[in-house]
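First comes the structure, then the notes that go with it.
2 protein chains.
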Amino acid sequence: MKIISNKLVFIMFFVIIGGFLFVDHSPAQTPGNAVPAPSNVRGAQYPQITPDSRAIFRIKAPEAQKVQLDLAKKYDMVKDSEGVWQVTTDSLTEGFHYYSLIIDGVAVADPASETFYGMGRMASGIEVPFAGDDYYAVKDVPHGEIRIKRYYSTVLKEWRQFYIYTPPGYNTNINEKYPVLYILHGGGEDERGWATQGKTDLILDNLIAAKKAAPMLIVMPDGNVKASGFGENTLQLFAEELKQSLIPFVEKNYRAKTDAQNRALAGLSMGGLQTLYAGINNIDLFAYLGVFSSGWIQPMQKELADAQYVLMQKNTDTINSNLKQFWLAMGGKEDIAWNNCQLLIAKLDEMKIKYTYSEYPGGHTWPVWRNNLLNFAPLLFQ
Amino acid sequence: MKIISNKLVFIMFFVIIGGFLFVDHSPAQTPGNAVPAPSNVRGAQYPQITPDSRAIFRIKAPEAQKVQLDLAKKYDMVKDSEGVWQVTTDSLTEGFHYYSLIIDGVAVADPASETFYGMGRMASGIEVPFAGDDYYAVKDVPHGEIRIKRYYSTVLKEWRQFYIYTPPGYNTNINEKYPVLYILHGGGEDERGWATQGKTDLILDNLIAAKKAAPMLIVMPDGNVKASGFGENTLQLFAEELKQSLIPFVEKNYRAKTDAQNRALAGLSMGGLQTLYAGINNIDLFAYLGVFSSGWIQPMQKELADAQYVLMQKNTDTINSNLKQFWLAMGGKEDIAWNNCQLLIAKLDEMKIKYTYSEYPGGHTWPVWRNNLLNFAPLLFQ
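Going down the list, the sequences are from chains A and B. With my numbering applied, the first sequence corresponds to residues 8 to 389, in that order. With my numbering applied, the second sequence corresponds to residues 8 to 389, in that order.
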């Protein structure tokens with residue numbers, strides 16, 4: 008049959024999907040070698056990334072008075088005669104960045120990009136390719152699965168869900184049991200964070216294929232509990248949920264090894280605090296702790312931190328003998344948790360608690376946490 | 008320790024998650040019995056649903072000149088003295104609706120709602136509870152899993168992914184093989200559609216628990232192929248991908264029964280056309296076909312449709328004997344595919360091809376397709 012005009016079919020039949028009209032799917036017209044970002048929705052020509060890692064954003068908004076891009080730094084966008092606003096950013100750092108468009112004062116997601124639950128809402132994300140991003144590329148290696156599983160929390164008395172990575176071979180090696188890493192997202196995020204922003208499955212698929220990490224299950228829980236804030240009541244409630252509800256459910260429903268030597272706990276930012284709290288209060292439960300871009304918030308959490316240090320001081324020997332890794336990572340001095348982490352380290356030194364400190368530049372951002380997973384996972388269960 | 012002010016901690020530490028500021032998390036102030044919609048992002052107080060199924064939308068946009076809600080019908084929102092725009096809709100029909108906010112002429116997602124890939128972008132969705140929505144409620148029944156699986160398409164020569172529902176018991180009944188339903192999304196959607204908008208896992212968990220449907224695998228492929236439009240080349244390419252790449256991969260990697268009696272294919276709208284094309288061209292492959300809100304697009308696809316009818320006419324006996332169900336469903340007269348479907352039915356009658364026709368009001372929308380799955384799944388593999 009003759010080729011049917013895509014546009015005409017849409018108008019006649021798929022009236023419902025009128026949203027296509029708001030995303031520019033036409034071929035790129037920008038000179039130079041800029042290419043659509045990998046994080047664009049299917050077929051969207053913008054945002055684009057230039058060879059020197061600048062990003063070009065566009066949106067058609069003839070009636071808007073002012074349009075800005077908020078990508079850590081705010082950029083004013085400029086309108087052309089057709090009502091299309093555009094801006095080219097400075098050179099961007101590697102990997103994933105949350106961003107918003109601010110249309111006449113309202114911060115919204117860019118219709119041309121995928122959205123990610125972060126900052127307490129569905130926010131736009133842009134991926135900036137870089138020379139070292141091969142570690143989370145989709146390669147011709149065996150691939151595990153990401154699974155979404157619902158469970159009833161006996162602690163929180165509600166249905167919740169977690170994401171779980173099962174490594175290649177999990178479906179066929181039916182007599183094999185696997186060690187488990189529980190990994191926690193940050194504030195304003197949820198159980199989707201490590202699976203999408205974190206690229207957990209690809210990082211592990213590649214590490215396992217290269218024999219750099221042991222095949223393991225990675226559980227990505229929802230770290231949000233009903234109580235609000237970062238007070239001890241919230242941390243305690245999450246620790247109870249983890250210990251009494253989630254871990255028993257995982258160990259009952261997946262082929263998990265169930266001793267401390269085969270259990271690890273890690274988290275970023277808010278998840279790092281949850282790891283510190285749940286990990287130190289249950290030192291018999293985990294042989295590995297990973298604290299990414301975190302540390303007790305000073306002076307806000309001074310009392311809580313002091314109580315934790317008293318507990319640690321009492322159990323220094325147990326902590327040092329039980330933990331095979333107490334791994335602290337920081338996104339360089341530009342990480343907003345830098346000071347808190349340095350205070351934590353000073354205390355650990357004072358108490359002679361063993362730890363490994365690691366730094367990767369990039370601040371309090373997902374590119375750093377992806378790199379943290381890349382470096383932490385190989386230390387586990389070996 | 009003392010309770011820490013959530014706000015203060017955010018300001019001091021989680022500066023990065025400034026997006027919270029744009030979503031109203033404060034307690035609802037509207038009089039009456041309106042409650043936050045189930046589709047809101049965590050903690051967002053608006054949109055709200057009233058007891059008579061109206062929805063109240065709010066957004067703070069003091070600098071905007073005009074804000075509208077686009078929810079099939081367009082509503083003008085009204086600004087109060089604090090710059091908050093609000094509107095209360097007419098009474099809404101049941102279940103899931105895509106919607107946009109139009110801020111000074113730009114259609115964007117509402118920061119207060121979850122987003123869903125539909126209309127070719129990440130669009131807002133709102134869930135309207137209704138008396139009969141129990142069939143996709145999260146109940147205290149055994150729950151299956153939704154898995155996300157990457158695979159290399161030998162037809163399309165690229166890495167792709169599908170979602171797959173594995174029923175309760177799949178992980179423990181390791182010697183059991185399962186029948187498979189392949190179910191296809193509509194135009195402007197992707198492999199996420201049936202898992203999120205469609206609530207496939209909950210519908211099946213509940214049906215299986217009530218012994219109304221056989222435990223089955225449900226594969227939710229990405230129906231988009233590189234070629235654009237709804238021409239035969241596109242339909243043919245997808246059919247090849249399905250037959251030569253996806254089905255063999257699924258049958259190799261999951262415990263699937265591999266005969267036609269245990270294979271079903273269904274789809275909505277564009278997915279219905281793919282089902283008609285791939286199903287009739289591979290009549291030995293599937294014992295069940297489900298065509299939801301679809302039918303050859305007239306007059307656009309006349310030539311293609313005529314060729315298909317010639318093929319059907321030649322194989323009437325085979326079609327009638329091979330297909331245990333040829334199930335056509337329509338969202339009432341308000342479905343934009345109504346006419347096309349009636350033309351298809353007339354042709355089937357003329358050719359004496361057996362089929363089952365089913366109607367559920369609601370138009371060309373997800374509430375209809377959820378209901379289609381509810382009614383189609385029990386007909387399969389019995």
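The beta-carbon is built from N, C-alpha and C at its ideal position, and this holds for glycine as well. Computed from a predicted model, the values in this text were never measured in an experiment.
Backbone CA spacing between residue i and residue j [nearest angstrom]
i	j	result
LEU188/B	PHE256/B	14 Å
MET19/B	GLU121/B	Any reading at MET19/B needs caution, since the residue's pLDDT is 38, under 50, leaving its predicted position unreliable; the model's value is listed next. Approximately 27 Å between the Cα atoms of the pair.
ILE352/B	LYS340/B	14 Å
GLY1/A	GLU310/B	Residue 1/A lies beyond the stretch modelled for chain A, which goes from 8 to 389, so this question has no answer here.
PRO69/A	GLN75/A	14 Å
PHE169/B	ASN329/A	41 Å
GLY50/B	ALA79/A	24 Å
GLN93/B	ILE56/B	13 Å
THR294/A	ALA267/A	Reading the sequence as shown, one finds Ala at residue 294/A and not Thr. Taking the straight line from one Cα to the other gives about 5 Å.
ASP87/A	GLY112/B	16 Å
ARG157/B	LEU163/B	14 Å
THR173/A	ASN378/B	32 Å
ASN47/A	ASN322/B	44 Å
ARG199/B	LEU350/A	44 Å
MET373/A	THR265/B	Looking at the sequence shown, residue 373/A is not Met but Trp. If I take the Cα positions, the gap works out to 42 Å.
SER365/A	GLY302/B	59 Å
ILE287/B	SER276/B	17 Å
ALA130/B	PHE64/A	19 Å
VAL145/B	ASN240/A	28 Å
Sequence-distant residues of its chain with Cβ nearer than 6 Å to residue i (five each side left out)
i	result
THR363/A	TRP334
GLY297/A	ALA273, TRP334, PHE383
ALA138/A	none
LEU380/B	ILE210
GLY370/B	GLY338, GLU341, ASP342
ALA312/B	TRP303
ILE109/A	GLN75, ASP77
Contacts that residue i makes with chain A (C-beta to C-beta distance below 7 Å)
i	result
ASN231/B	ARG49
ILE181/B	ILE181
Residue i, buried or exposed, once every other Cβ within 10 Å from all chains shown has been counted against 16
i	result
VAL85/B	exposed
ASP59/B	exposed
ASN346/B	exposed
PRO228/A	buried
ASN40/A	exposed
LEU318/A	exposed
ASN180/A	exposed
PRO149/B	exposed
THR282/B	buried
LYS361/B	exposed
LYS206/A	buried
SER98/B	exposed
ASN182/A	exposed
ALA217/B	exposed
GLY325/A	The sequence as given places Thr at residue 325/A; Gly does not occur at that position. By the neighbour-count rule (16 or more Cβ atoms within 10 Å), THR325/A is not buried but exposed.
LYS9/A	Residue placement at LYS9/A is poorly supported in this model, since its pLDDT is 35, which falls under 50; the coordinates still yield a value, given next. Answer is exposed; the Cβ neighbour count stays below 16.
LYS208/A	For the sequence presented, residue 208/A should be read as Asp rather than Lys. With 16 or more Cβ atoms within 10 Å of its Cβ, ASP208/A is classed as buried.
Within chain B, partners of residue i - CB distance below 8 Å
i	result
ILE110/A	ALA71, ILE110, ASP111, VAL113, VAL115
TYR295/A	The contacting residues do not exist; TYR295/A stays about 25 Å from chain B at best.
ILE153/A	ARG154, ILE155
ALA68/A	ASP111, GLY112, VAL113
ILE215/A	In chain order: nothing, as chain B lies at least about 14 Å away.
Residues that residue i contacts on chain A, provided the C-beta gap is smaller than 8 Å
i	result
THR122/B	ALA116, THR122, MET129
ASP197/B	ARG49
Sequence-distant residues of its chain with Cβ nearer than 7 Å to residue i (five each side left out)
i	result
PHE388/A	PRO186, ALA221, MET223, ASN269
GLY194/B	SER276, MET277
LEU242/A	LEU280, GLN281, TYR284
Within chain B, the residues that residue i reaches when beta carbons sit closer than 7 Å
i	result
HIS150/A	ARG157
VAL145/A	ARG157, TRP166
Contacts of residue i in chain A (Cβ-Cβ under 9 Å)
i	result
ILE2/B	The structure shown does not extend to residue 2/B, since chain B is modelled only from 8 through 389, so no value can be given for it.
Cβ-based neighbour list, residue i, same chain, cut-off 8 Å, excluding 5 preceding and 5 following
i	result
GLU247/B	VAL162
MET358/A	TYR316, MET319, GLN320, THR323
Requested in this report: Tell me the start and end of each unbroken alpha helix (DSSP H) in the segment 207-233 of chain A that is at least 4 residues and wholly inside, in chain order.
Outcome: 207-216
**Report entry** beta strand (DSSP E) runs contained entirely in the segment 116-198 of chain A, provided each spans 3 or more residues
**Finding:** 122-125, 128-135, 152-160, 165-173, 187-191
Query raised in the report: What are the complete beta strand (DSSP E) segments, minimum 3 residues, inside the segment 247-295 of chain A?
Result: 270-275
Requested in this report: Can you check the segment 303-353 of chain B for any beta strand (DSSP E) of at least 3 residues that lies completely inside it and give the ranges in chain order?
Outcome: 332-337
Report task. May I have a chain-ordered list of the beta strand (DSSP E) segments no shorter than 3 residues that lie completely inside the segment 25-101 of chain A? Result -> 62-67, 74-78, 80-83, 91-95
**Report entry** Length at least 4, wholly inside the segment 360-384 of chain A: the alpha helix (DSSP H) runs in chain order
**Finding:** 373-383
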